[in-house]
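Just so we're aligned, residue 9 is where the sequence shown starts under my numbering, counting upward by one.
Inspection log for the structure reproduced underneath, given as structure tokens.
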Amino acid sequence: MRLSIVNGRVIDPANNIDAVTDLFIDQGRIASLGHAPAGFSTELSIDADRHIVMPGIVDLAACLREPGQEFKATIASETRAAARAGITSLCCPPDTNPPIDTPAEVKLIQQSARDAGYCNVYVIGALTEGLKGD
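Right, dumping it as structure tokens:
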């Protein structure tokens, strides 16, 4: 799909970009900034006036509540909220209750995140059983 994002504030700290401009995307990759590449035909145009266009945010310590506190939130609900806030990837620390200290728990979280499909989830497993340091 060819997409144009028109009149958005484009911020890309890695490339020292902070400007109100147009952004052209072809098959999920940035094709051009400012002017459409030669022969580019837009299939969808988004007016981004008063919006910010930037790389996805990574949350390095997201409390997913699962396993153990699903009555508060689930991986699906937490990752959905994260994605709506612009977070594309998050790291889940092992300090859940119970702690994430077995390969089975890591696989369960990874599978739940894949099933939800909202953002990337990187599980940080405990180095010791029960986070006891032994």
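Every residue gets a Cβ at the ideal spot worked out from N, C-alpha and C, and that includes glycine.
Since the model is a prediction, treat every value here as computed from it, not as a measurement.
T82 and R73 have their C-alpha atoms spaced approximately 6 Å apart. Scanning C71, Q119, N24 and L11 for the CA closest to the CA of L31 turns up L11. Contact annotation, A56 with V14: C-beta distance approximately 6 Å; criterion of less than 8 Å satisfied. Under DSSP, I38 shares a beta bridge with I33. DSSP, reduced to helix, strand and coil, places I19 within a strand of the structure shown. In this structure, the CA atom of S49 is about 49 Å from the CA atom of D103.
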